[in-house]
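Residue numbers (my numbering), protein chains in the order written: chain A, 1 to 412; chain B, 1 to 412.
Quick reminder that beta carbons are idealized off the backbone N, C-alpha and C, glycines included.
What follows is a set of notes on a single structure, which appears directly below.
2 protein chains.
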Amino acid sequence: MIHQHLKKFKAISASKEGITRLGLSDWEDKAHAAAAAAFSRSRRVKTVKDQAGNTFLVNGEGPGPYVVMGSHLDSVPNGGWLDGALGVAGALVAMQKVLQKHRRAPVAVAIWADEEGYRFGNGLWGSRAFAGKVPQEEPLLLDRDGVMLAEVLAERGLQKKLRRSRETGELVPRFVYKPPFEIAAYAEAHIEQGRQLIDAGKRVGLVTHVSGIRRWRLESMGETNHAGTTPMRERRDALVPIAGMVGRLPQLVRGVNNGVITCGAMGVEPGVANVIPNKAWAIVEHRAPTDRDQDETARRLKELVATTGPRAPGVGLEMLPISNVRPMPMSEEVTSRIEEICKKAGVESMRMVSMAAHDAMSVAHVAPAGLFFIPSLRGISHRPDEDSRREDIKLAGDILTRWAMAEVQRVL
Amino acid sequence: MIHQHLKKFKAISASKEGITRLGLSDWEDKAHAAAAAAFSRSRRVKTVKDQAGNTFLVNGEGPGPYVVMGSHLDSVPNGGWLDGALGVAGALVAMQKVLQKHRRAPVAVAIWADEEGYRFGNGLWGSRAFAGKVPQEEPLLLDRDGVMLAEVLAERGLQKKLRRSRETGELVPRFVYKPPFEIAAYAEAHIEQGRQLIDAGKRVGLVTHVSGIRRWRLESMGETNHAGTTPMRERRDALVPIAGMVGRLPQLVRGVNNGVITCGAMGVEPGVANVIPNKAWAIVEHRAPTDRDQDETARRLKELVATTGPRAPGVGLEMLPISNVRPMPMSEEVTSRIEEICKKAGVESMRMVSMAAHDAMSVAHVAPAGLFFIPSLRGISHRPDEDSRREDIKLAGDILTRWAMAEVQRVL
């Protein structure tokens, strides 16, 4: 059953180069509609759309609270078929099973919009909106082509166009959102996107908390000059200090803490072989499971910038914070219930930290929320060859079914 | 006089953002035509165009040999008003003065095309063509938009279109060039584009040789992966080793030699904040006045790559040579004559090495060629605020005049 749903999703926007189904696009809409089609014959299940682009399949009416399962159907460019889709397909299966037994169960599926945040560099968009965690300024974000998120939201009929202030002439930031119902408890299944489960030989990972993510922009300002006639001691080369720091990033997480640190993007201007660069920048991302680990690495990065500065006289170095998502604990109640379900089914599970962000992290702000993983083959994700064992995919649906069945009985 | 010529050139394609007059463009053509206009009333001086886009203003006819002065009229984007233009304006003045005295003097001005090589990343284009130093494959070079140099040459009527091989279907590389005359001796005036003259308090720099330029591409191949879920020890991060090497470049020329080393361009793929890079590259350029200095730095760079490799397991590192222009001695005969002219005029000169490449470097392959500098204010060039003292600009024309006068008398 879960495989049928997954195949249906895969057929939307798939090619040899993988799945490309960006958030807040027509492709994402098509996938949401395909999910809603699972209940097209039900008179009680309603398709509810909100002001962020989320789609909810809700059994019954009213403010709830509901037992909710879900995930997302958007992807990165050339991504895989399971990231997000697994949790939605599993939720559909579980809700169908629950409704066969309890016609009036207060259960719902949440399909969160734009989890990947690829286009605007944000992420967890729809679930953050639901949790009241979208700042008023966020719709001012621009994509690579200079298109504003607010324009996309207005075009898709989700938000009104931003108006300009009469005094300043500038756009007035604004994001209006009212969650359509309350959540009694939330569970999400996801692929691990790493190798911890495979390496430990376990079939289920119970996420106790999701690591925090901090991003900074390292930036330098020097002066262009001729790469031949400017002696080394007279240069104000903006690239050398930035490159040197990027080369040393792995040292910042060595030994003392559990984090990972990455520079995925950097740039240099004017970018000509025989011109000394006057500008360089690098985006540094750090993830760690505790505030203490995060603070320690932030301190070390600051120190690295401070010691690099004096070695690059005449070059201005800056470390600008971009974002700071704090580590988030998941609901112990939901987690231990899923743990119990695994134990009863004879499935080996382990508790773990998620180094990737997931929608459950947003929901945890407003309701008890749990998150569990099944193993990713070779630990690969965000790639066309992302995959999981057939029996583990089925297991994800089974666990959600058992969990929802028990939660519903608790509420009824 | 020289200022009038310079003002005329400056008026072509100048704006607040400086001079943008790329090689092999209509703007360059306009500047060549403006230079030729200096002799529009002369019946003896002919405008000769060749198959590379160079323009020669030749007094008389036949294969020569001629006493030649020249430089270039193309610029980098947003460049200055003197780089190249000084040498052409000075040559025009000198030739006019010589012809006033010796109507039949075998003298000529060379205006070399596309010295900067900005569009196709080559350089000294026209003068290399004259010297037989353009390889048959060079017209296959592509600009940033994928336009081939061969297409530009064909469009401008300089070369025939490349034909495709009947067997392979591929373009057959081809560049046809015949120099229109022989050069008896060549002299070029240029701005220094550095601070050596100002720092030493001299008005003329006599270039004894031009430094060599070697370029390499450092390249790495790793594997993309999720920046959260991939532990540090399991990464095949392509950027960290490349950035680390770029950060260490200045150490490679420290102490032992006279060279300068620069990374002006680098890149990373896929270039997304939360994806571990699978590819990175950096262009490294080294300039030094002797083969020995060049070899020593090349050896150190190779060593740096060799010691960096083992610290980045699973990442393939390569050091690919792009180009190798060897240090070029200038004609001692021409240089000492210009030195003598300065001495007689009571102008302080100094012998020096040019760290920048100039057209005289190409001409030196086929004729005795000399090159001298006047000071650049604040050492600045390739920028809108590039400038020199008014009296030094005049001096450049005066020196060329005296040199040409003496050379012509030697030939006549």
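Per DSSP, which one or two residues make a beta bridge with residue i?
i: residue 262 of chain B; result: B:285
i: residue 57 of chain A; result: A:47 and A:109
i: residue 221 of chain B; result: B:279 and B:316
i: residue 216 of chain B; result: B:284 and B:321
i: residue 352 of chain A; result: A:207
i: residue 296 of chain B; result: Answer by DSSP bridge pairing: none, since residue 296 of chain B is not bridged.
i: residue 164 of chain B; result: B:171
i: residue 152 of chain B; result: The partner list for residue 152 of chain B (beta bridge, DSSP) is empty, contrary to what the question assumes.
i: residue 268 of chain B; result: B:280
i: residue 15 of chain B; result: B:18
i: residue 71 of chain A; result: A:111
i: residue 191 of chain B; result: B:374
i: residue 329 of chain A; result: A:209
i: residue 118 of chain A; result: According to DSSP, which records beta bridges pairwise, residue 118 of chain A is partnered with nothing at all.
i: residue 183 of chain A; result: A:66
Considering only C-alpha positions, which residue in the set the options is nearest to residue i?
i: residue 293 of chain A; options: A:118, A:261, A:195 and A:84; result: A:261
i: residue 400 of chain B; options: B:86, B:77, B:16 and B:361; result: B:86
i: residue 313 of chain B; options: B:124, B:222 and B:73; result: B:222
i: residue 267 of chain A; options: A:273, A:279 and A:236; result: A:279
i: residue 182 of chain A; options: A:365, A:172 and A:253; result: A:365
i: residue 283 of chain A; options: A:251, A:269, A:61 and A:323; result: A:323
i: residue 80 of chain A; options: A:192, A:225, A:125 and A:105; result: A:192
i: residue 377 of chain A; options: A:370, A:392 and A:363; result: A:392
i: residue 9 of chain A; options: A:98, A:59 and A:35; result: A:35
i: residue 355 of chain B; options: B:372, B:71 and B:343; result: B:372
i: residue 123 of chain B; options: B:164, B:31, B:161 and B:22; result: B:22
i: residue 295 of chain A; options: A:315, A:213, A:308 and A:318; result: A:213
i: residue 403 of chain A; options: A:345, A:16 and A:172; result: A:345
i: residue 326 of chain B; options: B:113, B:298 and B:16; result: B:298
i: residue 330 of chain B; options: B:410, B:207, B:224 and B:239; result: B:207
i: residue 255 of chain A; options: A:300, A:281 and A:270; result: A:300
i: residue 290 of chain B; options: B:258, B:120 and B:54; result: B:258
i: residue 341 of chain B; options: B:320, B:133 and B:407; result: B:407
i: residue 110 of chain B; options: B:20, B:82, B:359 and B:263; result: B:359
i: residue 3 of chain A; options: A:63, A:410, A:67 and A:396; result: A:396
i: residue 51 of chain A; options: A:126, A:104 and A:19; result: A:126
i: residue 120 of chain B; options: B:141, B:104, B:100 and B:102; result: B:141
i: residue 97 of chain A; options: A:303, A:287 and A:398; result: A:398
Using 8 Å as the threshold, is the C-beta distance between residue i and residue j below it?
i: residue 1 of chain A; j: residue 57 of chain A; result: no
i: residue 150 of chain A; j: residue 139 of chain A; result: yes
i: residue 210 of chain B; j: residue 357 of chain B; result: yes
i: residue 432 of chain B; j: residue 69 of chain B; result: With chain B represented from 1 up to 412, any question about residue 432 of chain B goes unanswered, as that position is not in the structure.
i: residue 245 of chain A; j: residue 334 of chain A; result: no
i: residue 422 of chain A; j: residue 379 of chain A; result: Any answer about residue 422 of chain A is impossible in this case: the structure gives chain A only from 1 up to 412.
i: residue 106 of chain A; j: residue 60 of chain A; result: yes
i: residue 12 of chain B; j: residue 31 of chain B; result: yes
i: residue 308 of chain A; j: residue 270 of chain A; result: no
i: residue 66 of chain A; j: residue 108 of chain A; result: yes
i: residue 179 of chain B; j: residue 48 of chain B; result: no
i: residue 272 of chain A; j: residue 264 of chain B; result: yes
i: residue 352 of chain B; j: residue 196 of chain B; result: yes
i: residue 113 of chain B; j: residue 367 of chain B; result: no
i: residue 381 of chain B; j: residue 128 of chain B; result: no
i: residue 190 of chain A; j: residue 71 of chain A; result: yes
Can a CB atom of chain D be found closer than 8 Å to the CB of residue i?
i: residue 234 of chain A; result: Protein chains A and B are contained in the structure displayed, whereas chain D is not.
Please determine if the segment 216-223 of chain B and the segment 85-101 of chain B are in contact, where contact requires at least 3 C-beta pairs separated by less than 8 Å.
-> No: the two stretches stay apart, fewer than three of their Cβ pairs being nearer than 8 Å.
Pairing CB atoms from the segment 38-50 of chain A with CB atoms from the segment 382-389 of chain A, are three or more of them under 8 Å?
-> No, because fewer than three Cβ pairs between the segment 38-50 of chain A and the segment 382-389 of chain A fall closer than 8 Å, the two stretches do not touch.
Using a Cβ-Cβ cut-off of less than 8 Å, give me the residues of the segment 221-232 of chain A that come near chain B, in sequence order.
-> Residues of the segment 221-232 of chain A whose Cβ lies closer than 8 Å to any Cβ of chain B, in chain order: 224, 225, 226, 227, 228, 229, 230, 231 and 232.
Going along the segment 184-199 of chain A in order, which residues come within less than 9 Å of chain B, judged by CB to CB distance?
-> So the list reads 192, 193, 194, 195 and 196, given in the order they occur along the chain.
Using Cβ-Cβ distances below 7 Å, what residues of the segment 271-294 of chain A are close to chain B?
-> The segment 271-294 of chain A vs chain B, Cβ under 7 Å: 271, 272, 273, 274, 275, 276, 277, 283, 285 and 287.
Evaluate the contact criterion for the segment 147-162 of chain B versus the segment 67-82 of chain B: three or more CB pairs, one atom per stretch, below 8 Å.
-> The count of Cβ pairs closer than 8 Å, one atom from the segment 147-162 of chain B and one from the segment 67-82 of chain B, stays below three, leaving the stretches out of contact.
Would the segment 263-277 of chain B and the segment 230-242 of chain B be scored as touching if the rule is three or more Cβ pairs under 8 Å?
-> Flag = yes, the segment 263-277 of chain B and the segment 230-242 of chain B touch.
Members of the segment 382-411 of chain B near chain A, C-beta cut-off 9 Å = The residues in question are 382 and 383.
Touching by the beta-carbon criterion (3+ pairs, under 8 Å), the segment 160-174 of chain A and the segment 238-250 of chain A = Output reads no: the segment 238-250 of chain A does not touch the segment 160-174 of chain A.
Counting pairs of Cβ atoms below 8 Å between the segment 303-318 of chain B and the segment 233-246 of chain B, do you hit three or more?
-> Segment contact: the segment 303-318 of chain B against the segment 233-246 of chain B, three or more CB-CB distances shorter than 8 Å; contact assigned.
What residues in the segment 350-374 of chain A bring their beta carbon closer than 7 Å to a beta carbon of chain B?
-> Correct list: 355 and 356.
Taking only beta carbons into account, state which residues of the segment 235-256 of chain A come closer than 9 Å to chain B, listed in chain order.
-> Answer set for the segment 235-256 of chain A: 235, 237, 239, 240, 241, 242, 243, 244, 245, 246, 247, 248, 249, 250, 253 and 254.
If you measure beta-carbon to beta-carbon, which residues of the segment 306-327 of chain A are closer than 7 Å to chain B?
-> Flagged: no residues at all.
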